[in-house]
Amino acid sequence: MASYRTFVLYLICVISVLIFLIQFLWLLRSTAFTSCRNFEINRIHQEEIPKRVTYKDYLERPSTDLTKLHENWKREATILGKFPFEKKFLTIGIPTIRRIGDEYIMGTIKSIVNYTKPEELNGIYIVIFLADFNETWTTDISKRMNETFSELISAGTLVVIRSWETFYPPLKKLKNTYNHSYAQRKWRSKQNVDYAFLFLYSKLLSDYYIQMEDDIYTLPGYFQAIKDYISTFQSEWTCIEFSELGFIGKLYHSYDLEKLAKMVLLFYEEQPCDFTYLYFNIQMLQFRRIIRRPTIFQHVGLKSSLPGKIQPLKDRFFDNSEKIYKGDNPAARIYTNMKVQDGESLSPESAYSGEPGYFWSKGNGKTGDWFTIVFDDPQRIEKILIVTGSREHPEDSIKHGKLHASLSLVAVEASRPRCTNDIFLGYFDNGNIKVDNLTSVLGPFKIHCVGITLTENQDWWIIIKEIAVFIAD
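Counting from 1, one number per residue, gives the positions in the sequence shown under the UniProt record's numbering.
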């Protein structure tokens, strides 16, 4: 009987252990299945959720599909000329579109080329962007450029490019900003993308890049003026402006062009590039505009590329600053009580210097205002020529003034020279004065000072364009 009970207990224990093992194994199987199923569900769920947008998307592909810019896109965009390989000093970028009734681009190119010396052409690229998708116009303008500028195109100096419509973002349902009409918003938004495409094409071509419009002209010596002005800066800069208007004559380091392109694309529908570039400059830590005066590019177009818009804008600081008479002009110091504008090219010294530039006062001329030249050493002078006003600002001439010479300098006190033994030389006539045969009047005497004095108030500022002093043999 005892052995029977022992057997039953043993059997119950074995069955209990087996049941426990079966339950344990079932639990393990269920857990593994659930984990695998959950993993599969999570995997499927993750595949269904699109990738979240991060700031990198805006840095890499801002506002438009730059992924379509495949490796050789620049060669595909080049339709006339050679794709540039050699890095040069300056790239001049000019976007142009079809204008109904008027065309300025051919004259703009001629102005730039005609006022660039042959040796200077070796240091520039001129990139013309045909930013219109009208095939008839594109074919026609390309043919005429090829015929007119064949040598420049063969030399690789002039390059003509175009884009493709898939580069552009949608230009419908644009944000309503600045109270602009839909037509104007569409025009300026496309123009922003035009600029960005041109920046991206040009970013590796040269050390510097300057933006133009297709309806400008320039002056002889513009290229050297750009080089000289750049060389005056010891501190960092982002943008130098060679025109105060719109987006004309804006110079950038080429290595900043991609950043500028991305910012223009990022805000392509919010505002015109005329505003965006100013914010870009600030983001690049340039907190003030740097405008070279006199400016060297002038807007000449009357009809805007926006159909129906008249745009008679003129740059008030543009003028031909080349000297005509180029006197001997012995070493001297210049003094004046007239208010002086910022910029070396408009300083009092610019009127006397043989380099391009002139003096332009800041404020209307007043009775008693003076401008005095003090020679380092007294001079025997044969002739003096003074030209005031300019082609662009003829009203800024000296209407009422006189010229005198002084034989002696007593002292310079509070930035004003005290000259004595004055000799009256004459009055200004139509803004100019010419005095010659001075040696026959003064004999052996030498002149230490030459002074200009206004005899009446004037309604305009004063431009002294050139002072030419010729010494006696």
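Cβ atoms here follow ideal geometry from the backbone N, Cα and C, with glycine treated the same way.
DSSP, read as helix, strand or coil, puts Trp187 in helix. By the Cβ rule, the segment 175-182 does not count as touching the segment 213-232, because fewer than three pairs are nearer than 8 Å.
Within the segment 128-196, the runs of beta strand (DSSP E) at least 3 residues long that lie entirely inside it are, in chain order, 158-162. As the crow flies, the alpha-carbon of Ile462 is around 7 Å from that of Gly389. Closest by C-alpha distance to Trp370, out of Glu382, Phe359, Pro272, Arg380, is Phe359. Contact fails between the segment 128-146 and the segment 242-253, because fewer than three Cβ pairs, one in each stretch, are under 8 Å apart.
If you compare the alpha carbons of Pro272, Leu205, Ile216, Gly221 with that of Glu258, the shortest gap goes to Leu205. The C-alpha of Lys110 is placed about 33 Å away from the C-alpha of Glu269. At the C-beta level, Ile94 and Phe129 come within 9 Å of one another. Annotation: Phe267 to Thr276 spans about 8 Å, alpha carbon to alpha carbon.
Between Gly354 and Asn192, the alpha-carbon positions lie close to 41 Å from each other. Classified as buried, Gly301 has 16 or more neighbouring CB atoms from the shown chains inside 10 Å of its CB.
Per the Cβ contact rule, the segment 444-453 is in contact with the segment 367-386 (3 or more Cβ pairs under 8 Å). With respect to Glu213, Thr108 sits close: the two C-beta atoms are nearer than 9 Å. For the pair Asp429 and Asp274, the Cα-to-Cα distance works out to about 42 Å. In this chain, the beta strand (DSSP E) harbouring Arg333 covers 332-336. Where Arg416 is concerned, the enclosing beta strand (DSSP E) starts and stops at 416-427. Apart from the 5 residues on each side of it in sequence, Ala468 sits with its Cβ closer than 6 Å to the Cβ of Tyr325, Gly327, Leu385 in its chain, given in chain order. Beyond the five residues adjoining it in sequence on each side, Arg391 comes within less than 7 Å, by CB distance, of Asp319, Asn320 in the same chain, given in chain order. In the displayed model, Thr439 falls within a helix according to three-state DSSP.
Between Leu403 and Ile452 a beta carbon distance of about 6 Å is seen, short of the 8 Å cut, so the two are scored as contacting. DSSP, reduced to helix, strand and coil, places Val300 outside both helices and strands of the structure shown, so it counts as coil. The closest CA to that of Leu346, considering only Phe317, Gly246, His253, is found on Phe317.
Thr336 sits buried, since 16 or more C-beta atoms from the chains shown fall within 10 Å of its C-beta.
Sequence-distant Cβ neighbours of Ser142 in its own chain, meaning closer than 8 Å and more than five residues away, are Ile79, Leu80, Leu130, Val160.
In this structure Ile296 is buried. Its beta-carbon is surrounded by 16 or more other beta-carbon atoms within 10 angstroms. Between Ile398 and Gly365, the C-beta gap is smaller than 9 Å, which places the two residues in contact. In this structure, DSSP gives Thr276 a helical state, which the three-state scheme calls helix. Contact annotation: Gly246 and Tyr115 have beta-carbon atoms that are not nearer than 9 Å. Between the C-alpha atoms of Asp194 and Trp73 there is a straight-line separation of about 15 Å. Under DSSP, Val113 shares a beta bridge with no residue. At least 9 Å separates the beta-carbon of Ala196 from that of Leu278. Spatial neighbours of Glu119 in its own chain (CB-CB distance under 8 Å, excluding positions within 5 residues in sequence) are not present. The straight-line gap separating the alpha-carbon atoms of Ala77 and Ser202 is approximately 12 Å. In the DSSP assignment, Thr96 is bridged to Leu130.
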